[in-house]
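K.L.:
Here it is, the structure, as structure tokens.
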Amino acid sequence: GEAEANLRKAFEECEKNAPAIIFIDEIDSIAPNREKSQGEVEKRVVSQMLTLMDGVKGRGQVVVIGATNRPNTLDPALRRCGRFDREIDIGVPDEVGRMEILRIHTKNMKLAEDVDLSGVAKTTHGFVGADLSSLCTEAALQCIREKMDVIDIEDD
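The numbering of the sequence shown is the UniProt record's numbering, which starts it at 1 and goes up by one.
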């Protein structure tokens, strides 16, 4: 199928341009456990991925990295030696990390004097970068909505 062809093409391209890194974000979406998967496409993609990774192993010039929030949903064959055999757990940020993420996402925003990023960092335990980014975006949009309401009232 098309998914398998695209995967083959990506690996071939990297092999031609080696040394190279193949980064597959949210790999769990394309390589779920075949025993628990209903779809034939997913099963074929996982089989293709296993074949391609075994082929890359001997060349040594292409590194394959996968990222997932759900490593236990991956097909176990992908986690065997010579494939994705090293796992690095990147946990949720602590309060200091959340503060840094909030600073990054608000650096170009004009914050009101009463905005307490430290307080936000304290109360967002369990939030990851994407959550904090979304929180900052939503807060900015809410502020814009409130300003627009004031403008509308004055125009009437």
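By construction, the Cβ of each residue, glycine as well, lies at the ideal position given by its N, Cα and C atoms.
State the Cα-Cα distance for the pair Val-92 and Glu-13, rounded to the nearest angstrom.
P.N.:
Here residue 92 is taken as the residue at index 92 of the sequence shown, counted from 1. Here residue 13 is taken as the residue at index 13 of the sequence shown, counted from 1. One C-alpha to the other measures close to 34 Å.
K.L.:
Tell me whether the beta-carbon of Ala-140 lies closer than 9 Å to the beta-carbon of Met-99.
P.N.:
Looking up residue 140 in the sequence shown gives position 140. Looking up residue 99 in the sequence shown gives position 99. It is not a contact, given that the beta carbons lie outside the stated cut-off.
K.L.:
Classify Pro-19: buried if its beta carbon has 16 or more other beta carbons within 10 angstroms, exposed otherwise.
P.N.:
Translated into the one-based positions of the sequence shown, residue 19 becomes position 19. That one is exposed.
K.L.:
Considering only the alpha carbon of each residue, which of Ala-121, Lys-36 and Glu-42 lies closest to Glu-2?
P.N.:
For the purposes of this step, residue 2 is identified with residue 2 of the sequence shown, where counting begins at 1. Nearest option by C-alpha distance: Glu-42.
K.L.:
In terms of residue numbering, what span does the alpha helix (DSSP H) encompassing Gly-97 cover?
P.N.:
Position 97 of the sequence shown, counted from the first residue, corresponds to residue 97. Note, Gly-97: alpha helix (DSSP H), 95-106.
K.L.:
Whose CA, out of Leu-78, Gly-55, Glu-15 and Thr-51, lies closest to the CA of Asp-28?
P.N.:
On the sequence shown, position 28 is the one that residue 28 refers to. Ranking the options by Cα distance to Asp-28, first place goes to Leu-78.
K.L.:
Give me the residue from Phe-11, Glu-95 and Met-148 with the minimum Cα distance to Gly-129.
P.N.:
Counting from 1 along the sequence shown, the entry for residue 129 is found at position 129. Checked all of Phe-11, Glu-95 and Met-148; the closest Cα to Gly-129 is Glu-95.
K.L.:
From the DSSP output, read off the bridge partner residues of Pro-32.
P.N.:
Along the sequence shown, one-based indexing puts residue 32 at 32. Paired residues: Leu-74.
K.L.:
Considering only their Cβ atoms, is the gap separating Val-63 from Ile-21 smaller than 9 Å?
P.N.:
Along the sequence shown, one-based indexing puts residue 21 at 21. Along the sequence shown, one-based indexing puts residue 63 at 63. Cβ atoms of Ile-21 and Val-63: closer than 9 Å.
K.L.:
Would you mind sorting Thr-137 into buried or exposed? The rule is 16 or more other CB atoms within 10 Å of its CB.
P.N.:
Stepping through the sequence shown from its first residue, residue 137 is reached at position 137. Thr-137 should be labelled exposed.
K.L.:
With DSSP as the reference, label Phe-11 as helix, strand or coil.
P.N.:
Indexing the sequence shown from 1 puts residue 11 at position 11. Note: Phe-11 maps to helix in three-state DSSP.
K.L.:
With DSSP collapsed to three states, give me the class of Ala-112.
P.N.:
Working through the sequence shown from its first residue, we reach residue 112 at position 112. Note: Ala-112 maps to coil in three-state DSSP.
K.L.:
Is the beta carbon of Gln-61 sitting closer than 9 Å to the one on Arg-8?
P.N.:
Taking the first residue of the sequence shown as 1, we reach residue 61 at position 61. Taking the first residue of the sequence shown as 1, we reach residue 8 at position 8. Cβ atoms of Gln-61 and Arg-8: not closer than 9 Å.
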